[in-house]
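Chemist: Got a structure for you, written out below as structure tokens; questions coming shortly.
Residue numbers (my numbering): 1374 to 1549.
Right, here's the structure in full:
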């Protein structure tokens, strides 16, 4: 959105301001998505940083080559933080969720909604980075963002830590 205001003179109240908007449909996203995990970290994940657009280019190239919806990042110790444009949650067989603490991610609005829904439904949330090596132990996992909302992951490719899930999405994914 672009907002312009006429500031030619002090006494031009009749001129007012103009509002310009550009609207386009969001691209179609499958009900369940394929993601891949790669070692990478943002230098300051808690802020939207213009430099991040440049820093992630090689990961976006990998995303295109692999034909996945998102690239999930994990650090040198295997802790999954977030996706290039999404937040990440692991769902455990006991019904609990696990996600990185706020200091490790850009805490998005849809992430907040997921956390609110989890709280309202009595779903326990552990704020600790899921470990990529535990992927086969998760009941499922999902990503979320403003453009994707909540998308269950049907396939997570991570070298030796791959998992596939065709199962029904857990309660929190359905509730959101």
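By construction, the Cβ of each residue, glycine as well, lies at the ideal position given by its N, Cα and C atoms.
On a predicted model such as this, the values are computed, not experimentally measured, just so you know.
1) Identify, in the order they occur along the chain, each residue of the same chain with its Cβ nearer than 8 Å to the Cβ of residue 1432, setting aside the five sequence neighbours on each side.
2) Can you tell me whether DSSP reads residue 1445 as helix, strand or coil?
3) Which residues bound the beta strand (DSSP E) around residue 1528?
4) For residue 1450, is the classification buried or exposed, using 16 other Cβ atoms within 10 angstroms of its Cβ as the cut-off for buried?
5) Please go through the same chain and pick out, in chain order, the residues whose beta-carbon is closer than 6 Å to the beta-carbon of residue 1441, but skip the five residues on each side of it.
6) Go to residue 1431, then tell me how far its alpha helix (DSSP H) extends in each direction, as first and last residue.
7) Taking the straight line between their C-alpha atoms, what separation do you get for residue 1502 and residue 1397?
8) What span of residues does the beta strand (DSSP E) with residue 1455 cover, start to end?
9) Once DSSP output is grouped into helix, strand and coil, what is the label at residue 1393?
10) Would residue 1488 be called buried (16 or more neighbouring beta carbons within 10 Å of its own) or exposed?
11) Given a cut-off of 8 Å on the beta-carbon distance, is the pair residue 1463 and residue 1471 in contact?
12) Closest Cβ-Cβ distance between residue 1524 and chain B: below 8 Å?
13) Would you decide whether residue 1460 is buried or exposed? Buried here means 16 or more other CB atoms lie within 10 Å of its CB.
14) Cβ of residue 1483 within 8 Å of Cβ of residue 1519?
15) Should residue 1473 and residue 1508 be called a contact, given that it needs their Cβ atoms to be closer than 8 Å?
16) What's the C-alpha gap between residue 1565 and residue 1490?
Modeler: Judging by the given coordinates:
1) Residues 1411, 1413, 1444, 1446, 1457 of the same chain have their beta carbon placed closer than 8 Å to that of residue 1432, with the five preceding and five following residues left out of the count.
2) Residue state, collapsed to three classes: strand.
3) Boundaries of the beta strand (DSSP E) around residue 1528: 1522-1530.
4) It counts as exposed.
5) These residues qualify, in order along the chain: 1407, 1408, 1409.
6) Taken as a continuous stretch (DSSP letters only), the alpha helix (DSSP H) holding residue 1431 covers 1430-1439.
7) So the alpha carbons of these two residues sit roughly 35 Å apart.
8) Where residue 1455 is concerned, the enclosing beta strand (DSSP E) starts and stops at 1453-1456.
9) Assigned with DSSP and collapsed to three states, residue 1393 falls in strand.
10) Counting of Cβ neighbours within 10 angstroms places residue 1488 among the buried residues, the total reaching 16 or more.
11) Yes, the pair counts as a contact, with Cβ atoms nearer than the cut-off.
12) In summary, chain B is missing from the structure at hand, where a single protein chain is found.
13) Taking all protein chains shown into account, residue 1460 has 16 or more neighbouring C-beta atoms within 10 Å of its C-beta and is therefore buried.
14) Yes. Within cutoff.
15) Residue 1508 sits away from residue 1473, with the two beta carbons spaced by 8 Å or more.
16) Given a span of 1374 to 1549 for the chain in the structure shown, any question on residue 1565 remains unanswerable.
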